[in-house]
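**Q**
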Amino acid sequence: MSMLQKLLKKIDDLKPMPAVVSKIMAIVQDPDCDLSAVGDIINHDPIITANLLKTCNSAYYALPNKIESAHEAVKFLGMDKIVDMVLLKSTTENLSNEQKGYGLHEGELCKHAMASALIAEELAKKVNIKNKHQIFTAALIKDIGKVILDRNLENSFDKINKLVTKDGLSFMDAEKAIMGIDHAELGAIVAKKWDFSQEMINIIRNHHLPDLNASEGIETAIVYTADNVCMMLGIGVGTDGLAYRFQRKILEALNITALELQKMIADFGEKIEGVEAMVADK
């Protein structure tokens, strides 16, 4: 069995995506969806409801009063935010462990995923993208391929690092040269196995390659930018983080100035402790 075949087999070792996520994604991917249907799904799942209330009462949201029911949560935060919370709690379980191959301690990949999703959501609002839940979820799981590659990467890191530092390859090209596949492509395969939409699969596959029709693939550009904002803030940088270069032309596709991006970085920097609290609450 080749290394690639072994890696693909490891996808089955991931904790399966909860059925509630598939149900919610099927609803919210319709721009004309009735979000009250999402509320019905949440109310019939006591575990999801408990996790939702825990997140609502975290330091990140800093609500003035304690939320004690799903109804109260919707009242204070709105259904859009509630959907994001459910997706966040349901999709990051696979990301919580230490990723030694990428130099990430326990919880760091999860923190990066959460921060990426929250930043991507703000960017989606700014450029008036309707399918923001799709972007939010894609940003959350874009690095799921790292979980599968991690142990093999740890044993091959010196070879990969040599290709990056000596031969000038991008980290992803070096991953593919040594491992037979890069983490983004592997993540896309996972997303397909989990029955995510083709749009989400494409975002995950190309989240380091926004120059591929950036003006047309605005969703990918958003997730790419969110990922880079996390790197600039030092969130989940790991061993590969500094091997990527931010392409400023992407800001043109998003119609965002460098100054606006700097302000976003500063604003989100103030919320980092809240994100850490959300990770600790998992």
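In the working numbering, each residue carries its 1-based index in the sequence shown increased by 784.
Glycine included, each C-beta is placed from N, C-alpha and C at the ideal position.
#1: Measure the beta-carbon distance from Lys-873 to Leu-847 and round it to whole angstroms, keeping in mind my assumption that it falls under 8 Å.
#2: Just list the alpha helix (DSSP H) runs in the stretch 815–844, keeping only unbroken ones of 4 residues or longer that don't cross its boundaries, in chain order.
#3: Under a three-way DSSP split, which group does Gln-789 fall into?
#4: Is it right to say Asp-818 is buried, meaning 16 or more other beta carbons lie within 10 angstroms of its own, or is it exposed?
#5: Using only CA atoms, which one of Ala-834, Lys-926 and Ala-843 lies nearest to Glu-856?
#6: At the level of alpha carbons, what is the spacing between Val-1013 and Ser-900?
#7: Does DSSP classify Leu-902 as helix, strand or coil?
#8: Look at Met-869 and Thr-839 and say whether their C-beta atoms are less than 8 Å apart.
#9: I'd like the span of the alpha helix (DSSP H) that includes Leu-1035, first residue to last.
#10: Looking only at its chain, what residues have a beta carbon closer than 7 Å to the beta carbon of Asp-966, apart from the 5 residues adjacent to it on each side?
#11: Check this for me: beta carbons of Val-867 and Ile-808, under 8 Å apart or not?
#12: Identify the continuous alpha helix (DSSP H) that holds Leu-879 and give its terminal residues.
#13: Under the three-state reduction of DSSP, which class applies to Leu-888: helix, strand or coil?
#14: What is the DSSP secondary structure of Asn-912, counted as helix, strand or coil?
#15: Going by alpha carbons, who is nearest to Glu-882 out of Leu-1035, Leu-792 and Val-931?
#16: Mark Gly-1018 as exposed unless 16 or more other C-beta atoms lie within 10 angstroms of its C-beta, in which case mark it buried.
#17: Please classify Lys-943: is it buried, with 16 or more other beta-carbons within 10 angstroms of its beta-carbon, or exposed?
#18: Looking only at its own chain, which residues have a Cβ that is under 6 Å from the Cβ of Ile-919, when we skip the five neighbours before and after it?
#19: Taking the beta carbon of Asn-849 as the centre, do at least 16 other beta carbons fall within 10 Å, making it buried, or is it exposed?
#20: Examine the Cβ distances between the stretch 922–936 and the stretch 966–978 and report whether three or more of them are shorter than 8 Å.
#21: How many Å lie between His-828 and His-917 at the Cα?
#22: Does the Cβ of Gly-1022 have 16 or more other Cβ atoms within 10 Å, making it buried, or fewer, making it exposed?
#23: With a CB to CB cut of under 7 Å and the five nearest residues on each side skipped, what residues in its chain are close to Gly-1053?
#24: Helix, strand or coil for Ser-940 per DSSP?
#25: Out of curiosity, what's the CA-to-CA distance linking Lys-790 and Asp-796?
#26: Any idea what DSSP makes of Gly-1058, helix, strand or coil?
#27: For Tyr-1008, does the three-state DSSP call read helix, strand or coil?
#28: Can the beta-carbon of Gly-1058 be found less than 8 Å from the beta-carbon of Leu-888?
#29: In angstroms with no decimal places, state the Cα-to-Cα distance between Asn-990 and Lys-895.
**A** The structure says:
#1: At roughly 17 Å, the Cβ-Cβ gap does not stay under 8 Å, so Lys-873 and Leu-847 are not in contact.
#2: Uninterrupted alpha helix (DSSP H) stretches at least 4 residues long and entirely within the stretch 815–844 occur at 820–827 and 830–840, given in chain order.
#3: Gln-789: helix per DSSP, three-state reduction.
#4: Result: exposed.
#5: Of Ala-834, Lys-926 and Ala-843, the residue nearest in Cα terms is Ala-834.
#6: Taking C-alpha positions only, Val-1013 is separated from Ser-900 by approximately 8 Å.
#7: Of the three classes helix, strand and coil, the one that applies to Leu-902 here is helix, per DSSP.
#8: Their beta carbons are under 8 Å apart, which means Met-869 touches Thr-839 by this criterion.
#9: Taken as a continuous stretch (DSSP letters only), the alpha helix (DSSP H) holding Leu-1035 covers 1033–1038.
#10: Met-956, Glu-959 and Lys-960.
#11: Yes, the pair counts as a contact, with Cβ atoms nearer than the cut-off.
#12: Unbroken run through Leu-879: none, as it is neither H nor E.
#13: Residue state, collapsed to three classes: strand.
#14: In the structure shown, the three-state DSSP call for Asn-912 is coil.
#15: The candidate whose alpha carbon is nearest that of Glu-882 is Val-931.
#16: That one is exposed.
#17: Residue burial annotation: Lys-943 is exposed, with fewer than 16 other C-beta atoms found within 10 angstroms of its C-beta.
#18: Hits under 6 Å: Ala-904, Ala-908, Glu-1003 and Ile-1006.
#19: By the 16-neighbour rule on beta-carbons within 10 angstroms, Asn-849 is exposed.
#20: The stretch 922–936 vs the stretch 966–978: in contact.
#21: In a straight line, the C-alpha of His-828 is about 21 Å away from that of His-917.
#22: By the 10 Å Cβ count, Gly-1022 comes out buried.
#23: The residues are Leu-1017.
#24: The answer is helix: DSSP assigns Ser-940 an H, G or I state.
#25: Distance from the CA atom of Lys-790 to the CA atom of Asp-796, rounded to whole angstroms, is 11 Å.
#26: DSSP places Gly-1058 in helix when its eight states are reduced to three.
#27: In the displayed model, Tyr-1008 falls within a helix according to three-state DSSP.
#28: Taking the C-beta atoms as reference points, Leu-888 is found no nearer than 8 Å to Gly-1058.
#29: Their backbone Cα atoms lie some 21 Å apart in a straight line.
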